Amino acid sequence: MAREKQAEITIMEPLSPVSRLFVSPGFYGVIVFTLGFKTRCNSSAIVEGIKNTWIKLPRFSSKVVMDDKKNGEAVWVPVNVRVEDHVFVPDIDHFDITNPDQFIEDYTSNIANTTMDMSRPLWEFHVLNIKTSNAESLGIGKFHHSLGDGMSLMSLLYASSRKISDPNALPTTATTRKQVGSNDNWWLVARFLLMIRVIFTTFIELFKSLLTLCFMRDTKTPLMGKPGDRNGPRKIIHRIVSFDDVKFVKNTMKMKVNDVLLGITQAGLSRYLRKKYGEDPVTEKKKSLEETRLRGTIAVNLRPETKIKDLADMMTKGSKCRWGNFIGVVIFPLWIRSEDDPLEYVRRAKATMDKKKISMEALVLYGFIKFTMKIFGEKAVEAITKRVFSHTTLTFSNVLGPNEDISFFEHPMCYVGASALIGPQALIIHYVSYADKIIINLAVDTTVIPDPHVLCDNLVESLEIIKLSLLEKGLHKMEV
1 MAREKQAEIT IMEPLSPVSR LFVSPGFYGV IVFTLGFKTR CNSSAIVEGI
51 KNTWIKLPRF SSKVVMDDKK NGEAVWVPVN VRVEDHVFVP DIDHFDITNP
101 DQFIEDYTSN IANTTMDMSR PLWEFHVLNI KTSNAESLGI GKFHHSLGDG
151 MSLMSLLYAS SRKISDPNAL PTTATTRKQV GSNDNWWLVA RFLLMIRVIF
201 TTFIELFKSL LTLCFMRDTK TPLMGKPGDR NGPRKIIHRI VSFDDVKFVK
251 NTMKMKVNDV LLGITQAGLS RYLRKKYGED PVTEKKKSLE ETRLRGTIAV
301 NLRPETKIKD LADMMTKGSK CRWGNFIGVV IFPLWIRSED DPLEYVRRAK
351 ATMDKKKISM EALVLYGFIK FTMKIFGEKA VEAITKRVFS HTTLTFSNVL
401 GPNEDISFFE HPMCYVGASA LIGPQALIIH YVSYADKIII NLAVDTTVIP
451 DPHVLCDNLV ESLEIIKLSL LEKGLHKMEV
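Residue numbering for the sequence shown follows UniProt numbering, beginning at 1 and increasing consecutively.
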């Protein structure tokens, strides 16, 4: 007995600073994955697949315990897991479902709003053999954010999948181009000037973050709750658009996919707010869009290697792309205007993101959180993080998914959606790519934003307007 107890103690693993934040009572966070399948689900095959992959991950077979010997520090403690207790196959009367898409939205939102049982491993998977407008059946996974960030869970999807074109091969991701340094005599000078620019930009961005933490709050809009409001019920919706349209804008305007998605977000939010102000020309909402300060917190991957690795590599000791919550945030000012030229939203997004890319804001803030956690504990970090989130309007992230069709435990997939529900903000926007699709995912507080479908429509319409503007101006001839 003594040896078993000693073994249990030695294999306890402390949570990372960000994971500790997510398990604090006042900053609960979960990630909800929705997988659309082209065929009906075989729950037995999914259970068997999870036994062969997920359970081999320490965090999927551990629970969170507050260790009294470490001043109540949260640690991972391994436990025996019965996979069947975490995979749910609800008994649904299909004849009572008149609108399958609405049923799935309500089911997913209900999962998201239900608090997880912290006394067992923090994940669950739901299998629904319901045909919707986009899929023949669905798998809905719910993971506590302490398990890992979007990169970690996307790698889990990769490890659970195979190429449809080659059932024995793991999926592949889009490759990133590496910049090759110049060999001319001006290389050292350019590097020195870049270093000066990085230091200056980082200082400016950190100063803005400090102002946000202290007192600078976004303008009150129909997208933002009142100060001190607790989160109301969250509703999760998603919409599928063409990745080719996004790539068309990207290639024509010579920028990154993330720049285009930020531009679409700025245009969509501007359209939504313009209509809201027009519907209510009285009261304080009469303020023009030009006077609106609206910012978002953008999740940034802090791993040295940004390409999604396979699960085995992420779990390897010393890997550059480790499993866990290695994310920081930057505060991104959104261009909310009534622009005559829709391309201006994309140009502004690129210009702002270019500044953020050379700034070390996210890395410094992550270090600040680690330092504060170590010295002052979770309560201090929770208060700081909540203040930053409550002073901004939304959270934005973009996750690169598979660039080809894949099968999840022998179930061919047609799309993948994901939403991370964290913080007190009323609006969370996630973009996830899958093959030739981009899935727009919204998680909204319905007490603040009662019409999320209208907001989603504005995002979709903005992409179409930006694309048509390029075609009308003939700029697509510049595409390379």
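Quick reminder that beta carbons are idealized off the backbone N, C-alpha and C, glycines included. Bear in mind the structure is a predicted one, so any value in this text is a computation, not a measurement.
query	result
Which of the three DSSP states, helix, strand or coil, is assigned to Ser61?	helix
With respect to the alpha helix (DSSP H) encompassing Arg322, which residues constitute its N-terminal and C-terminal limits?	No alpha helix (DSSP H) holds Arg322; DSSP gives it neither H nor E.
Check each candidate in Thr393, Gly474 and Pro402 and name the one with the smallest Cα separation from Pro171.	Pro402
Pull up the DSSP beta-bridge partners for Asp67, would you.	Glu73
Determine the direct distance from the alpha carbon of Gln425 to that of Ser390, and round the result to whole angstroms.	6 Å
For Ile236 versus Thr108, is the C-beta spacing smaller than 7 Å?	yes
When you measure from the CB of Ser161 to every non-hydrogen atom of the ligand SAH, does any distance come out below 6 Å?	Because no ligand of any kind appears in the structure shown, any question about the ligand SAH cannot be addressed here.
Hey, is the stretch 450-463 in contact with the stretch 51-69, meaning 3+ C-beta pairs nearer than 8 Å?	no
Which residues in the same chain as Arg197 place their Cβ atom closer than 8 Å to its Cβ, once the five residues preceding and following it in sequence are excluded?	Ile358
Would you tell me roughly how many angstroms separate the C-alpha atoms of Glu13 and Glu291, rounded to the nearest one?	49 Å
Does the pairing of the stretch 445-453 with the stretch 412-427 give three or more beta-carbon distances under 8 Å?	yes
Could you have a look at Asn301 and say whether DSSP puts it in helix, strand or coil?	strand
Expressed to the nearest angstrom, what Euclidean distance is found between the alpha-carbon atoms of Ser19 and Gly324?	8 Å
Beta-carbon separation of Glu415 and Gly36 under 7 Å?	Residue identity differs from the one stated: residue 415 is Tyr in this sequence, not Glu. Against a cut-off of 7 Å, the Cβ pair of Gly36 and Tyr415 comes out as a contact.
Let me make sure I understand the geometry here. Which of Ser62, Ser288, Ser165 and Lys142 has the alpha-carbon closest to that of Glu339?	Ser288
Assign Val180 to buried or exposed, taking buried as 16 or more other Cβ atoms, counted over all protein chains shown, within 10 Å of its Cβ.	Only weak support exists for where Val180 lies, its pLDDT of 44 falling under 50; the coordinates are left without a value.
Which residues bound the beta strand (DSSP E) around Val329?	Ile327 to Pro333
Alpha carbon to alpha carbon, what distance is there between Lys256 and Tyr28?	32 Å
Using the Cα positions of Ala112 and Thr53, report the straight-line distance between them to the nearest angstrom.	24 Å
Which ranges does the alpha helix (DSSP H) cover as unbroken runs of at least 4 residues, wholly within the stretch 102-184, from first to last along the chain?	150-159
With contact counted as at least three CB pairs below 8 Å, one residue from each stretch, are the stretch 466-473 and the stretch 246-255 in contact?	yes
Would you kindly work out how many angstroms separate the C-alpha atoms of Asn42 and Ile439, rounded to a whole number?	25 Å
Check this for me: beta carbons of Met154 and Val329, under 7 Å apart or not?	no
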